[in-house]
Amino acid sequence: MSYADFHRRSITDRDAFWAEQATLIDWHRPFTQVCDYSNPPFAKWFVGGQTNLCHNAVDRHVATRGAQNALIWVSTEVDKEVVYSFAELHAEVQRTAAMLLELGVKAGDRVLIYMPMIPEAVFAMLACTRIGALHSVVFGGFASVSLASRIDDAEPTVIVSADAGSRGGKVVAYKPLLDEAIRLAKHKPAKVLLVDRGLSPMERVAGRDVDYAPLRDRHMAAQVPCTWVESTHPSYTLYTSGTTGKPKGVQRDTGGYAVALAASMKHIFLGAPGETYFSTSDIGWVVGHSYIVYGPLIAGMATILYEGLPIRPDAGIWWSLVEKYKVTSMFSAPTAVRVLKKQDPAYLQKYDLSSLKALFLAGEPLDEPTAKWIAEAIGRPIVDNYWQTETGWPILTICNGVEPAPSKFGSPGKPVYGYDVKLIDENTGQELTGANQKGVVAIEGPLPPGCMQTVWRDDARFVNTYWKSIPGRLVYSTFDWGIRDEDGYFFILGRTDDVINVAGHRLGTREIEESISSHPAVAEVAVVGVADPLKGQVAMAFAVLKDPSKAATPADALKLEGEIMKTVDEQLGAVARPARVRFVTVLPKTRSGKLLRRAIQAVCEGRDPGDLTTIEDPSALQQVKDLIAQR
Ligand code: PRX
Numbered sequence: 000m001s002y003a004d005f006h007r008r009s010i011t012d013r014d015a016f017w018a019e020q021a022t023l024i025d026w027h028r029p030f031t032q033v034c035d036y037s038n039p040p041f042a043k044w045f046v047g048g049q050t051n052l053c054h055n056a057v058d059r060h061v062a063t064r065g066a067q068n069a070l071i072w073v074s075t076e077v078d079k080e081v082v083y084s085f086a087e088l089h090a091e092v093q094r095t096a097a098m099l100l101e102l103g104v105k106a107g108d109r110v111l112i113y114m115p116m117i118p119e120a121v122f123a124m125l126a127c128t129r130i131g132a133l134h135s136v137v138f139g140g141f142a143s144v145s146l147a148s149r150i151d152d153a154e155p156t157v158i159v160s161a162d163a164g165s166r167g168g169k170v171v172a173y174k175p176l177l178d179e180a181i182r183l184a185k186h187k188p189a190k191v192l193l194v195d196r197g198l199s200p201m202e203r204v205a206g207r208d209v210d211y212a213p214l215r216d217r218h219m220a221a222q223v224p225c226t227w228v229e230s231t232h233p234s235y236t237l238y239t240s241g242t243t244g245k246p247k248g249v250q251r252d253t254g255g256y257a258v259a260l261a262a263s264m265k266h267i268f269l270g271a272p273g274e275t276y277f278s279t280s281d282i283g284w285v286v287g288h289s290y291i292v293y294g295p296l297i298a299g300m301a302t303i304l305y306e307g308l309p310i311r312p313d314a315g316i317w318w319s320l321v322e323k324y325k326v327t328s329m330f331s332a333p334t335a336v337r338v339l340k341k342q343d344p345a346y347l348q349k350y351d352l353s354s355l356k357a358l359f360l361a362g363e364p365l366d367e368p369t370a371k372w373i374a375e376a377i378g379r380p381i382v383d384n385y386w387q388t389e390t391g392w393p394i395l396t397i398c399n400g401v402e403p404a405p406s407k408f409g410s411p412g413k414p415v416y417g418y419d420v421k422l423i424d425e426n427t428g429q430e431l432t433g434a435n436q437k438g439v440v441a442i443e444g445p446l447p448p449g450c451m452q453t454v455w456r457d458d459a460r461f462v463n464t465y466w467k468s469i470p471g472r473l474v475y476s477t478f479d480w481g482i483r484d485e486d487g488y489f490f491i492l493g494r495t496d497d498v499i500n501v502a503g504h505r506l507g508t509r510e511i512e513e514s515i516s517s518h519p520a521v522a523e524v525a526v527v528g529v530a531d532p533l534k535g536q537v538a539m540a541f542a543v544l545k546d547p548s549k550a551a552t553p554a555d556a557l558k559l560e561g562e563i564m565k566t567v568d569e570q571l572g573a574v575a576r577p578a579r580v581r582f583v584t585v586l587p588k589t590r591s592g593k594l595l596r597r598a599i600q601a602v603c604e605g606r607d608p609g610d611l612t613t614i615e616d617p618s619a620l621q622q623v624k625d626l627i628a629q630r
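In structure tokens form, the structure reads like this:
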């Protein structure tokens with residue numbers, strides 16, 4: 000079947016299409032209805048069916064491929080490599096499940112996972128879905144204030160964490176950040192389960208903190224059966240940034256997600272049982288959830304969990320793993336490729352990469368020079384794919400597993416099966432049907448299986464944030480600008496909101512502004528994303544001080560800038576640290592008091608700031624211009 004027909008069928012004969020895909024997973028009880036969209040925009044997939052994510056990822060493979068590799072942990076930080084077969088993974092997950100049960104976790108409870116890239120993090124995720132509890136993984140690079148807001152929203156019964164992570168050979172202690180986060184949070188977890196890696200000393204809180212190793216010892220022979228849950232039972236929440244400072248808990252279902260991932264492994268990621276998948280992401284991000292943990296395992300593939308940098312001990316490390324484990328599909332981000340690009344391509348060419356069917360890249364725009372460089376350096380096909388935390392799996396790409404098709408530089412490709420992608424005119428709210436017209440990328444409801452069900456405990460926020468009516472229909476907004484060319488290929492042109500993308504990490508500028516504003520010297524601040532040749536974008540802050548004399552000399556300004564950056568590091572984590580904090584006496588605003596962030600961003604990028612008729616004080620933008628000119 001041609002891809003065009005495959006896609007058309009997924010929209011026009013939706014239920015039959017997805018019923019077929021649903022045979023890729025195991026069901027404990029068959030579903031009675033494929034899609035219930037009687038209460039738009041809420042979609043229920045595979046209604047009446049019962050299944051379990053952990054069963055599909057682990058248990059069902061034990062009989063047929065129990066001795067085959069399932070989880071391959073490689074840490075260049077602590078110099079360790081441990082391989083778990085499906086049978087071993089099955090045993091470990093049951094142990095962790097027994098531990099969580101002993102600590103009081105019940106189906107429907109939340110377990111917050113704040114962990115470095117170690118196998119116990121994967122065991123904990125799978126143990127949660129095994130017993131019907133929801134995991135909420137928080138990226139280890141986030142610090143206490145980010146973590147506290149997520150604790151308060153998820154209200155976890157148990158938090159699973161570790162003494163420390165390690166980055167570039169430097170130990171990053173997690174426990175003090177976690178303790179501070181719990182102190183700041185209103186909600187207090189009953190128990191904290193701690194993996195002691197022996198990297199950083201930990202103080203235990205009596206009655207609350209429990210050590211992982213001794214508890215595991217008591218559950219070595221644990222047998223914890225999977226809890227069969229309704230297809231619509233939430234499997235996890237994952238926080239992501241939006242326009243407001245408060246992160247949104249993206250809530251995912253069970254059956255729809257399992258089916259969507261299984262289908263994507265086949266049609267997009269060219270995966271087959273017994274092969275090896277390597278995603279270089281972090282389990283704290285959506286790519287880690289879908290394509291380190293669940294997708295590959297559901298497909299019966301081995302998955303590599305890598306702790307370390309792409310260039311340490313040298314730029315050949317990832318590629319040596321491809322050779323060693325005969326990786327067939329690899330997934331990374333353009334930023335990582337740009338980091339490698341600064342190294343000698345000889346490192347990449349030292350290894351036999353012939354097992355690799357393709358390198359998949361996502362998370363941020365893939366520019367043409369980067370795409371060409373990596374294609375040349377590794378001599379394997381490159382496949383861009385565009386999606387979001389909210390969708391859980393690709394919206395736009397080339398589905399080479401259905402019908403191989405050429406890519407176009409700068410374009411992630413065409414709408415993926417299941418997604419009815421539209422471009423909407425920002426001003427009129429009408430659908431744009433012509434070629435090369437710029438609009439907001441939108442998806443007509445229902446969203447396909449695997450996408451977010453709702454915002455955790457906030458249905459109204461889900462409806463109001465994402466959904467717009469266009470005549471007769473409801474569409475989901477991605478908050479990305481895009482165009483579609485005459486051949487149907489889409490091009491993504493950046494976010495329409497205040498979300499920025501720094502080195503593939505999605506951050507909300509409002510969160511960074513809130514953190515900077517908490518510094519006692521700061522009266523007001525604007526944070527914008529500015530194009531950066533390495534990281535895609537960086538955050539730039541422009542702050543007004545309560546007492547401008549505090550930054551009177553360049554030395555004073557530099558000192559204060561350092562202090563403010565430290566505040567952000569401590570509260571949100573170094574990932575959110577702005578590249579620069581500059582001081583101005585007034586911020587550009589409209590006469591009604593709205594910050595002109597897009598004008599600031601344009602000036603920082605050397606572009607025309609556009610229509611400024613509503614600006615209150617034109618000298619404000621001039622100050623930004625002058626500071627940029629000094630650089
Ligand atoms: O702006 C788009 C950009 O990243 C956003 C989603 O980020 P996140 O929720 O972290 O999910 C990443 C999942 C891969 C999008 O709204 N983005 C993601 N992929 C691409 C992209 N921009 C351009 N090209 C891509 N391939």
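Note that numbering that gives the first Met the number 0 numbers the sequence shown so that position 53 is 52, with each residue one more than the last. Beta carbons: idealized from backbone N, C-alpha and C, even for Gly.
Where do the ends of the beta strand (DSSP E) carrying Y305 lie? 301 to 306
Looking at C-alpha atoms only, which residue of I394, Q429, I423, E425 is the closest neighbour of Y416? I394
Going by alpha carbons, who is nearest to A142 out of K624, I614, L586, A575? A575
Endpoints, beta strand (DSSP E) assigned at D458: Premise fails: D458 lies in the alpha helix (DSSP H), 458 to 465, not in any beta strand (DSSP E).
Buried or exposed (CB count within 10 angstroms, at least 16 for buried), H266: buried
For the 8 angstroms Cβ check, are there 3 or more pairs between the stretch 119 to 128 and the stretch 413 to 430? no
Collapsed DSSP secondary structure at T95 in the structure displayed: helix
Between which two residues does the beta strand (DSSP E) containing A441 stretch? 438 to 443
Check for me: the alpha helix (DSSP H) holding H266 runs from which residue to which? 254 to 266
Enumerate in chain order the residues of its own chain whose CB-to-CB distance from Y83 is below 6 angstroms, with the five nearest sequence positions on each side excluded. A69, L70
Starting from F122 and walking both ways along the alpha helix (DSSP H), at which residues does that stretch end? 118 to 129
Compute the beta-carbon to beta-carbon distance between V529 and E604, rounded to the nearest angstrom, for a pair I have assumed lies under 8 angstroms. 6 angstroms
Once DSSP output is grouped into helix, strand and coil, what is the label at I381? Judged by DSSP in its simplified three-state form, I381 adopts strand.
What span of residues does the alpha helix (DSSP H) with C450 cover, start to end? Element bounds for C450: n/a, residue is neither H nor E.
If you check the beta carbons only, do L611 and F541 fall under 8 angstroms apart? no
Output the distance between the C-alpha atoms of Q222 and A525, rounded to the nearest integer angstrom. 54 angstroms
When every heavy atom of the ligand PRX is checked, does at least one fall within less than 7 angstroms of the C-beta of P411? Yes, since a heavy atom of the ligand PRX falls inside the 7 angstroms radius drawn around the Cβ of P411.
7 angstroms CB neighbourhood of G65 in its chain, flanking five on each side removed: Only S84, F85, A86 meet the Cβ criterion.
From the DSSP output, read off the bridge partner residues of V144. Per DSSP, none; premise fails for V144.
Can you tell me whether P364 is buried or exposed, with buried defined as 16 or more other CB within 10 angstroms of its CB? That one is buried.
CB V191 to CB D208, shorter than 8 angstroms? yes
In the structure shown, what three-state DSSP assignment does Y235 receive? strand
Please classify A96: is it buried, with 16 or more other beta-carbons within 10 angstroms of its beta-carbon, or exposed? buried
Using the C-alpha atoms, what's the distance from V77 back to G168? 8 angstroms
Is the CB-CB distance between V336 and T369 below 8 angstroms? yes
Answer yes or no: the CB of Q536 versus the heavy atoms of the ligand PRX, is any distance below 7 angstroms? no
If N51 sits next to W227, beta carbons under 8 angstroms apart, how far is it from one beta carbon to the other, in whole angstroms? 6 angstroms
Name the DSSP beta bridge partners of A601, please? Paired residues: none, contrary to the question.
Any heavy atom of the ligand PRX closer than 7 angstroms to the Cβ of G487? no
For Q436, count neighbouring Cβ atoms within 10 angstroms of its own Cβ and tell me buried if that reaches 16, exposed if not. Here Q436 is exposed. Its C-beta has fewer than 16 other C-beta atoms within 10 Å.
Start and end residues, beta strand (DSSP E) containing F30: No beta strand (DSSP E) holds F30; DSSP gives it neither H nor E.
Is G494 near the ligand PRX, in the sense that its beta carbon is under 7 angstroms from a heavy atom of that ligand? Looking at the sequence provided, one finds Arg at residue 494 rather than Gly. Yes, the ligand PRX has a heavy atom inside 7 angstroms of this Cβ.
Give me the Cα-Cα distance between G609 and A147, rounded to the nearest whole angstrom. 39 angstroms
Quick one: residues in its chain with C-beta nearer than 6 angstroms to the C-beta of D568, no 5 flanking neighbours on either side, listed in chain order? Result list for D568: R576, in chain order.
Please confirm whether any heavy atom of the ligand FMN lies closer than 7 angstroms to the CB of R505. Summarising the ligand content, the structure contains the ligand PRX and does not contain the ligand FMN.
V46 versus W26, I482, D162, residue with shortest Cα-Cα distance: W26
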